[in-house]
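Our numbering runs 123 ahead of the 1-based position in the sequence shown.
Where is the CB? At the ideal position from N, CA and C, for every residue including glycine.
Some notes on the structure that comes next.
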Amino acid sequence: MALSLRQKQIDTIIRMLNLNSPVTVTMGGPSTSDGDVYKVLLLDKYSRDLISPLLKVSDLRKHGITLHLMVDADRQPIPDVPAVYFVQATPGNIQRVIQDATRGTYDKMHLNFTASVPRLLLEDLAAGTLKANALHRVARVFDQYSEFVCLDHGLFSLGQPESYVRLNDPMAKDKDVEGAVESIVNGLFCVLVTLGVVPVIRCPERGPAEMVARQLDAKLRAHLATHNNLFKEAAAGALAAGAAAVASGGGGAGGGAGGGGWGGLWGCSSGRCYS
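Here's what the structure looks like:
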């Protein structure tokens, strides 16, 4: 079975737009367990560029998105409508989420981050909403592992136009190079999670390519050592759906994300979330 990275990312985005509920297709079009829920979609520049090649505005409307806005823009409160946030996990975006929760800009906030949220930022989010007595507005927090821009079925970009300069600038500091390598590794990890496969890694010796390869290998090994890892659940999901297994160094066909846990503050039913 050919793996279409583009289709798997579309499936991830559509599930997210439907509040991370399973989507079924009927004669009347797509439907979820939540029924017809009208929502606002909040994006940052990166997630906007991510979604643009995948879905049209008409596709968003099919899944209940009546309005899509930039998270850093001035916005009027719409207190009776749930909001779906799809943004990178950055300090600035975390502060904007806290501000929206404090002001009661939306009824419920379904927070979706393009990649895994660092623990310190997650703690900042919890502390900020708790201090503002707005914790109840945050319905769910998800890691979507979609921090890459998919341009075709097997073609993607990590959306990091300055990575070459950061890695090869003779004046670059060690922390800048390490940061660039970490960003690339995180993006490649998202691609592998979306595909649900564990690869055989080959690279030239020495230089940035080997640094990326070694860190990606270490990240994969550490993750696979955990009991509930994303690749195990992806393989189980594929088998449950009757999909053929795909051997790629130990992986399985499938998409989506696994379970996580933090703080007992938020709950969820699917995807990589904090509950």
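- Every alpha helix (DSSP H) stretch that sits fully inside the region 289-365 and reaches 4 residues is listed by chain position as 297-318, 330-347 and 353-363.
- Collapsing the DSSP output to three states places Val-220 in a helix.
- About 6 Å separates the beta carbons of Val-308 and Val-335, which is inside the 8 Å limit, making them a contact pair.
- For Val-180, the enclosing alpha helix (DSSP H) starts and ends at 180-185.
- In the displayed model, Asp-203 falls within coil according to three-state DSSP, outside both helix and strand.
- In the three-state scheme derived from DSSP, where H, G and I count as helix and E and B as strand, Ala-249 is classed as helix.
- From the listed residues Asp-247, Leu-177 and Pro-202, the smallest Cα separation to Ile-217 is found for Asp-247.
- Listed in chain order, the non-local C-beta contacts of Pro-327 below 8 Å within the same chain comprise Glu-333, local neighbours out to five positions each way being set aside.
- When the Cα atoms are used, Leu-234 and Leu-142 turn out to be separated by approximately 9 Å.
- Here the alpha carbon of Asp-230 sits roughly 40 Å from the alpha carbon of Arg-344.
- Bounds of any beta strand (DSSP E) do not take in Ser-170; it lies within the alpha helix (DSSP H) bounded by 168-174.
- The alpha carbon of Ala-212 has as its nearest neighbour, out of Ser-269, Ala-257, Ser-175 and Phe-354, the alpha carbon of Ser-269.
- Distance check between Gln-132 and each of Leu-166, Ala-250 and Leu-177 places Leu-177 closest, using alpha-carbon atoms only.
- Rounded to the nearest angstrom, the Cβ distance from Ala-238 to Met-232 is 19 Å, too far for a contact under 8 Å.
- Cβ contact annotation for Ser-280 (same chain, cutoff 6 Å, sequence separation greater than five): Val-272, in chain order.
- For Arg-263, the uninterrupted beta strand (DSSP E) segment begins and ends at 261-266.
- Taken through DSSP and simplified to helix, strand or coil, Asp-197 comes out as coil.
- Note on Gly-310: 16 or more other CB atoms within 10 angstroms of its CB, so buried under the neighbour-count rule.
- Collapsing the DSSP output to three states places Tyr-287 in a helix.
- CA-CA distance, Asp-203 to Gln-222, rounds to 17 Å.
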